[in-house]
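**Q** Numbered per UniProt numbering, the sequence shown spans residues 1 to 347.
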Amino acid sequence: MAVIASIRQINRQFTFAVKRDSLLKFCCFIQNESFWSRECLNCITFANHRSYSVMRDSLHAPYVASPFDSSMLVKPNVFQHHNILCKWLHARYLSNASIELQTDKDVIRFSFHKPPGRYVSTNRKRKVSKRAKLNELRFYRLKAKKKMNSPNPEVRIRYKLEKAKRKEAWLIEKLRKFEILKAPVEAYDPEILTEEEKHYLKRTGEKKKNYVQVGRRGVFGGVVLNMHLHWKKHETVKVTCKPCKPGQVHEYAEELARLSKGIVIDIKPNNTIIFYRGKNYVQPKTMSPADTLSKNKALEKYKYGQSLDHTSEFIEKLEKELEEYLEHKARYKKAKESESQDFAVRQ
Numbered sequence: 001m002a003v004i005a006s007i008r009q010i011n012r013q014f015t016f017a018v019k020r021d022s023l024l025k026f027c028c029f030i031q032n033e034s035f036w037s038r039e040c041l042n043c044i045t046f047a048n049h050r051s052y053s054v055m056r057d058s059l060h061a062p063y064v065a066s067p068f069d070s071s072m073l074v075k076p077n078v079f080q081h082h083n084i085l086c087k088w089l090h091a092r093y094l095s096n097a098s099i100e101l102q103t104d105k106d107v108i109r110f111s112f113h114k115p116p117g118r119y120v121s122t123n124r125k126r127k128v129s130k131r132a133k134l135n136e137l138r139f140y141r142l143k144a145k146k147k148m149n150s151p152n153p154e155v156r157i158r159y160k161l162e163k164a165k166r167k168e169a170w171l172i173e174k175l176r177k178f179e180i181l182k183a184p185v186e187a188y189d190p191e192i193l194t195e196e197e198k199h200y201l202k203r204t205g206e207k208k209k210n211y212v213q214v215g216r217r218g219v220f221g222g223v224v225l226n227m228h229l230h231w232k233k234h235e236t237v238k239v240t241c242k243p244c245k246p247g248q249v250h251e252y253a254e255e256l257a258r259l260s261k262g263i264v265i266d267i268k269p270n271n272t273i274i275f276y277r278g279k280n281y282v283q284p285k286t287m288s289p290a291d292t293l294s295k296n297k298a299l300e301k302y303k304y305g306q307s308l309d310h311t312s313e314f315i316e317k318l319e320k321e322l323e324e325y326l327e328h329k330a331r332y333k334k335a336k337e338s339e340s341q342d343f344a345v346r347q
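1) Looking at the secondary structure, which residues open and close the alpha helix (DSSP H) in which residue 281 lies?
2) Less than 9 Å between the beta carbons of residue 276 and residue 193, yes or no?
3) Could you check the C-alpha separation between residue 202 and residue 211 for me, to the nearest Å?
4) Based on Cα-Cα distance, which residue from 298, 265 and 251 lies nearest to residue 199?
5) In its own chain, which residues sit with a C-beta less than 8 Å from the C-beta of residue 157, not counting the 5 before and 5 after it?
6) Residue 274: buried (16+ other C-beta within 10 angstroms of its C-beta) or exposed?
7) Please report the straight-line C-alpha distance between residue 217 and residue 254, rounded to a whole angstrom.
8) Return helix, strand or coil for residue 341, following the three-state DSSP convention.
9) On the criterion of 16 or more Cβ atoms from any shown chain inside 10 Å, does residue 164 qualify as buried, or is it exposed?
10) Taking the continuous beta strand (DSSP E) assigned at residue 351, which residues delimit it?
11) Is residue 252 buried or exposed, if buried means 16 or more other CB atoms sit within 10 Å of its CB?
12) Would you list the one or two residues that DSSP bridges to residue 351?
13) Cα separation between residue 42 and residue 103?
14) Can you list the alpha helix (DSSP H) stretches of 4 or more residues lying completely in the region 137-176, in chain order?
15) Who are the Cβ neighbours of residue 280 in its own chain at under 8 Å, not counting the five residues just before and after it?
16) Can you name, in chain order, every residue of its own chain whose Cβ lies under 6 Å from the Cβ of residue 296, other than the five neighbours on each side?
17) Under a three-way DSSP split, which group does residue 37 fall into?
18) Hey, how far is the Cα of residue 331 from the Cα of residue 147?
19) Suppose contacts are defined by Cβ-Cβ distances below 9 Å. Is residue 284 in contact with residue 230 by that definition?
20) Report the residue from 177, 345, 292 and 175 whose alpha carbon sits nearest the alpha carbon of residue 259.
21) Closer than 6 Å by C-beta to residue 241: which residues in its own chain qualify, once you throw out the five before and the five after it? Chain order, please.
22) Under the rule that 16 or more other beta-carbon atoms within 10 Å means buried, what is residue 301, buried or exposed?
23) With a threshold of 6 Å on Cβ separation, who are the neighbours of residue 174 within its own chain once the five nearest residues in sequence on each side are excluded?
24) For residue 345, count neighbouring Cβ atoms within 10 angstroms of its own Cβ and tell me buried if that reaches 16, exposed if not.
25) So what does DSSP say about residue 331, is it helix, strand or coil?
26) Does DSSP classify residue 224 as helix, strand or coil?
27) What is the C-beta distance between residue 315 and residue 168, in whole angstroms, given that I count them as a contact (C-beta under 8 Å)?
As structure tokens, then:
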């Protein structure tokens with residue numbers, strides 16, 4: 001059973017003043033006189049200041065909350081241990097707090113709760129000094145240096161492999177930020193070109209000098225914008241891809257055809273694509289599609305992608321090196337065991 005009350009609320013209800021350092025008086029305000037028997041008070045006197053054990057037999061009457069009776073203050077058997085309790089409890093805990101009296105499970109406990117507001121202390125994070133941070137960094141640096149300079153080759157290889165895998169996971173997480181959801185493909189009627197028209201457009205595109213460069217950034221909004229600008233005065237445009245991995249030019253051709261709604265006429269061996277704008281070409285209002293990256297973000301994505309490729313190659317190299325070392329170690333161990341067996345047989 002728990003009884004919660006506040007000293008300030010009691011002061012408002014009653015005209016006379018109540019001492020804040022008197023815990024026992026406060027308990028008597030909210031409980032019957034029969035609850036505080038002489039045996040109970042004797043138990044409280046010699047108990048710990050945090051938990052007060054009371055036997056159930058000593059409680060002559062059940063707990064009943066009754067209105068305040070001023071005659072209780074006169075009786076000496078109730079407040080004979082008042083001075084002892086005042087020594088246990090500091091007055092500052094009773095200044096702005098509510099007191100909770102719990103009498104369940106044959107134990108009496110008092111707890112103090114500060115009211116919410118500016119008196120409540122918030123748990124702030126402990127500030128770490130600059131020297132402590134430097135010491136922590138120095139510790140990890142020395143630990144890594146110890147592994148790098150270890151005489152055991154397996155320790156060195158495993159340390160490099162763990163570091164490379166952490167970097168690979170970090171790069172993959174970075175590249176996910178540059179993923180853009182592709183816009184739904186608009187329904188349009190593709191134009192059908194005859195072989196003669198394709199041959200004519202192919203020769204025309206080869207002779208003309210207008211072109212668009214797809215560099216290390218790959219396909220982004222600026223490439224599609226330049227294609228539409230060339231299609232203002234020319235029917236065809238050449239798109240050169242440098243640098244380009246083997247087979248990547250076909251991916252570029254499909255992506256540019258989707259974004260620009262152009263028609264692929266031919267793909268040259270030197271990674272050059274010829275695009276035709278179409279017979280019923282109409283310049284769009286937004287020539288740079290919304291589902292493409294900007295120039296700066298495309299360059300940043302390329303740097304992360306290139307670093308990921310090099311890291312993946314380095315991981316494969318380390319895994320192969322570790323496998324070779326373990327095989328060599330197993331062969332050496334096997335040879336040593338065979339030599340010891342031969343020596344034992346000779347003796």
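We treat Cβ as the ideally placed atom computed from N, Cα and C, and that holds for glycine. As the structure is a computational prediction, the values presented were derived from the model and not from experiment.
**A** In this structure, then:
1) No alpha helix (DSSP H) holds residue 281; DSSP gives it neither H nor E.
2) With contacts defined by Cβ atoms closer than 9 Å, residue 276 and residue 193 form a contacting pair.
3) Looking at the two C-alpha atoms, the distance is approximately 14 Å.
4) It is 265 whose Cα lies nearest to the Cα of residue 199.
5) The residues are 318, 321, 322 and 325.
6) By the neighbour-count rule (16 or more Cβ atoms within 10 Å), residue 274 is buried.
7) Straight through space, the alpha carbons of residue 254 and residue 217 are spaced by roughly 17 Å.
8) In the three-state reduction of the DSSP assignment, residue 341 falls in the helix class.
9) Counting the other Cβ atoms within 10 Å of the Cβ of residue 164 gives 16 or more, which makes it buried.
10) No information on residue 351 is available, as it lies outside the stretch 1 to 347 that the chain covers here.
11) Buried, by the Cβ-count rule.
12) The structure shown has nothing for residue 351, since the chain only spans 1 to 347.
13) Because the pLDDT at residue 42 is just 48, under 50, the model does not fix this residue reliably, and the value given afterwards should be weighed accordingly. Taking the straight line from one Cα to the other gives about 16 Å.
14) Within the region 137-176, the complete alpha helix (DSSP H) runs of at least 4 residues are 153-176.
15) 191, listed in sequence order.
16) Closer than 6 Å at the Cβ level, and outside the excluded window around residue 296, lies no residue.
17) In this predicted model, residue 37 has a pLDDT of only 46, less than 50, meaning its place in the structure is not dependable; the value taken from the coordinates is given anyway. Reduced to three states, the DSSP call for residue 37 is coil.
18) Distance between the alpha carbons of residue 331 and residue 147: 25 Å.
19) Their beta carbons are not under 9 Å apart, which means residue 284 does not touch residue 230 by this criterion.
20) Shortest Cα-Cα distance from residue 259 to any of 177, 345, 292 and 175 involves 292.
21) 214, 249, 252 and 271, listed in sequence order.
22) Its Cβ being crowded by 16 or more others within 10 Å, residue 301 is buried.
23) Here the set comprises 304.
24) Exposed, by the Cβ-count rule.
25) If DSSP states are grouped into helix, strand and coil, residue 331 belongs with the helices.
26) The three-state reading of DSSP puts residue 224 in helix, counting H, G and I together.
27) Correct: roughly 6 Å between the Cβ atoms.
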